[in-house]
Amino acid sequence: MPAGAGPRMLGPVAKLTVDDQDLVVRLTLGEKFWGFHGDLRVGLASIVSVAADPEPWLGLRGWRMAGVSFPGRASLGTRRHGTKSFDFCMLHRDRPAVRVEVASGRFSRLVISVPEGGDPEAEAARIAAAAGIAPSAPVS
544 MPAGAGPRML GPVAKLTVDD QDLVVRLTLG EKFWGFHGDL RVGLASIVSV AADPEPWLGL
604 RGWRMAGVSF PGRASLGTRR HGTKSFDFCM LHRDRPAVRV EVASGRFSRL VISVPEGGDP
664 EAEAARIAAA AGIAPSAPVS
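Going by the working numbering, the first residue of the sequence shown is number 544, and it counts up by one from there.
Laid out in structure tokens, this is it:
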């Protein structure tokens, strides 16, 4: 892969929005391409915990199934762990993330980097409030 290819071409990062009764992960065009996935929707009722994750690379589980991974630079797409458990991640460089644990659906965990200058604790609190739960303590 050419030196400039991969994570640098991504530009902005995914946005976590609340739409009616769903948490929506709106991916950029680059993230959709490199992560082999479109936008995601998760029912707010299925969210069991939300926390800021200042060092999300330490909590990655399993192995990459679809998408790309450039250790320490970007991990984009689906990761499998266990027999039928999947996580979805959009990690960019050393940016903090929001970790969302889900009780049902295709993914059991979402780990999404916040935009540069973003506040992962505020994002986690906003999503937790929409889901009607208290935000969890930041992941350590």
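No residue lacks a Cβ here, since even glycine has one placed at the ideal position from N, Cα and C.
What you are looking at is a predicted structure, and each value in this text was computed from that prediction instead of being measured.
| said: Quick check: the Cα distance between E664 and P597, rounded to an integer number of angstroms? | reply: So the alpha carbons of these two residues sit roughly 9 angstroms apart.
| request: Mind checking who W606 pairs with in its DSSP beta bridge? | output: Per DSSP, R623.
| query | Nearest-angstrom Cα distance between W600 and D563? | reply | Rounded to the nearest whole angstrom, the CA to CA distance from W600 to D563 is 31 angstroms.
| said: Taking the alpha helix (DSSP H) that A671 belongs to, which residues open and close that run? | reply: Start and end: 663-674.
| task | Taking 8 angstroms as the threshold, find out whether the region 654-674 comes into contact with the region 624-643 through three or more Cβ pairs. | result | The count of Cβ pairs closer than 8 angstroms, one atom from the region 654-674 and one from the region 624-643, reaches three, so the stretches are in contact.
| field | Residue burial classification, G615 (beta-carbon count within 10 angstroms, cutoff 16) | value | Its Cβ having fewer than 16 others within 10 Å, G615 is exposed.
| said: According to DSSP, is G586 part of a helix, a strand, or is it coil? | reply: Secondary structure at G586: strand, using DSSP grouped into helix, strand and coil.
| Per-residue burial, G610 [other beta carbons within 10 Å of its own, 16 or more giving buried] | With at least 16 other beta carbons inside 10 angstroms of its own, G610 counts as buried.
| query | Helix, strand or coil: how does DSSP classify E644 here? | reply | In the displayed model, E644 falls within a strand according to three-state DSSP.
| message | Could you compute how far the alpha carbon of V561 sits from the alpha carbon of T626? | response | Rounded to the nearest angstrom, the two C-alpha atoms are 30 angstroms apart.
| said: On the DSSP letters alone, give me the boundaries of the beta strand (DSSP E) that G634 sits inside. | reply: Correcting the residue type first, residue 634 is Leu in the shown sequence and not Gly. L634: member of the beta strand (DSSP E) spanning 628-635, first to last residue.
| query | Considering only residues of the same chain and omitting the five flanking positions on each side of D565, which have a CB-CB separation below 8 angstroms? | reply | Cβ-Cβ distances below 8 angstroms link D565 to R584, V585, G586, L587 in the same chain, with the five nearest sequence neighbours on each side left out; the list follows chain order.
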